[in-house]
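Below: the structure, in structure tokens.
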Amino acid sequence: MIASNPAASILLLLIAIPSLYALFKNPAFLERGLLHPYSIVQGKNLQGLVTSAFLHANWAHLLFNLITFYFFAFALESTVGSGFFLVIYVVSWLVGDALTIWFHHRESGYYSLGASGAISGVLFSFILFYPMEDIYLFLIPVGIPAWIFAILYTGLSIYASRQGYGQINHEAHLGGALGGVLATLVLIPDVIGHFLSHF
Numbered sequence: 002m003i004a005s006n007p008a009a010s011i012l013l014l015l016i017a018i019p020s021l022y023a024l025f026k027n028p029a030f031l032e033r034g035l036l037h038p039y040s041i042v043q044g045k046n047l048q049g050l051v052t053s054a055f056l057h058a059n060w061a062h063l064l065f066n067l068i069t070f071y072f073f074a075f076a077l078e079s080t081v082g083s084g085f086f087l088v089i090y091v092v093s094w095l096v097g098d099a100l101t102i103w104f105h106h107r108e109s110g111y112y113s114l115g116a117s118g119a120i121s122g123v124l125f126s127f128i129l130f131y132p133m134e135d136i137y138l139f140l141i142p143v144g145i146p147a148w149i150f151a152i153l154y155t156g157l158s159i160y161a162s163r164q165g166y167g168q169i170n171h172e173a174h175l176g177g178a179l180g181g182v183l184a185t186l187v188l189i190p191d192v193i194g195h196f197l198s199h200f
């Protein structure tokens, strides 16, 4: 697995190890690594732009992201190659952060962390290549075609963002998904025809 998917393997470790260290041994490490949009626009705590993408709030948050990453990142790297995969991942991460900062830079009490934005981009890039692949939600034994999942995911994320539901960074999910799609289209323009050929 490492030999055939080096980028995804390394990223999996980079997502897991700092989070496990913070959750297990050093909660203060977690607090120092948060993304704080209010500070970012003032040129402060800029390290959060990087550190927040490799930390998670709790076990459920980490486990969900690791599982999602495992099922889609390795397949995507095998499809597009390690270089393109890394570009898609980083662009998704940055666009997710940018949208988060844009929406929350006036909120001094808002903090965020997690790899969800980047992983959303990986997922949506995967969907461009495999729109008919079934995606299974937790505890639901019936698969949903990936293109339908993408529509539902986007719609629910927009609605939840507007309503301010839960302690979830819906903007990172949306920005990451957008970044993943845009990066894939720029890197591999033929994916549009490939995607449409499935319908």
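Our numbering applies: residue 2 is where the sequence shown begins, and numbers increase by one. Even for Gly, the Cβ is constructed at its ideal location relative to N, Cα and C.
What first and last residue would you give for the alpha helix (DSSP H) that runs through residue i?
{"i": "Val143", "result": "Looking at the DSSP string, Val143 is not in any alpha helix (DSSP H), and its letter there is neither H nor E."}
{"i": "Gly49", "result": "49-52"}
{"i": "Ala8", "result": "7-25"}
{"i": "Tyr131", "result": "Element bounds for Tyr131: n/a, residue is neither H nor E."}
{"i": "Phe150", "result": "147-164"}
{"i": "Pro28", "result": "28-33"}
Give me the residue from the options with the minimum Cα distance to residue i.
{"i": "Leu24", "options": "Ala8, Val51, Leu64", "result": "Leu64"}
{"i": "Ser158", "options": "Trp148, Gly84, Asn170", "result": "Asn170"}
{"i": "Leu188", "options": "Leu129, Arg163, Asn6", "result": "Leu129"}
{"i": "Ser20", "options": "Ser10, Gly34, Pro7", "result": "Gly34"}
{"i": "His106", "options": "Ser40, His199, Pro142", "result": "Ser40"}
{"i": "Ile120", "options": "Asp98, Ala99, Trp94, Gly110", "result": "Trp94"}
{"i": "Pro132", "options": "Leu77, Leu13, Ile18, Phe55", "result": "Leu77"}
{"i": "Pro7", "options": "Ser198, Leu87, Phe200, Ala29", "result": "Leu87"}
Spatial neighbours of residue i within its chain, please: C-beta separation below 6 Å, excluding the five flanking residues on both sides.
{"i": "Lys45", "result": "none"}
{"i": "Asp135", "result": "Gly144"}
Kindly list the residues whose CB is nearer than 8 Å to the CB of residue i, restricted to its own chain and excluding five residues on each side of it in sequence; keep chain order.
{"i": "Thr101", "result": "Leu36, Pro38, Ser113, Gly118, Asn170, Glu172, Ala173, Gly176"}
{"i": "Glu108", "result": "Pro38, Tyr39"}
{"i": "Leu67", "result": "Leu13, Ile16, Ala17"}
Let me confirm a value: residue i is counted as buried when at least 16 other C-beta atoms fall within 10 Å, else exposed. Which label applies?
{"i": "Val96", "result": "buried"}
{"i": "Ile11", "result": "exposed"}
{"i": "Ser53", "result": "buried"}
{"i": "His195", "result": "exposed"}
Among residues of its own chain, excluding the 5 on either side of residue i, which ones have a beta-carbon nearer than 7 Å to its beta-carbon?
{"i": "Phe104", "result": "Glu172"}
{"i": "Val192", "result": "Leu129, Phe130, Thr185, Leu186"}
{"i": "Leu179", "result": "Val96"}
{"i": "His62", "result": "Gly115"}
Would you mind giving the Cβ-Cβ distance between residue i and residue j, rounded to the nearest angstrom? I have them listed as a contact below 8 Å.
{"i": "Ala74", "j": "Ala161", "result": "Not confirmed; about 24 Å, so no contact."}
{"i": "Ile89", "j": "Ser126", "result": "5 Å"}
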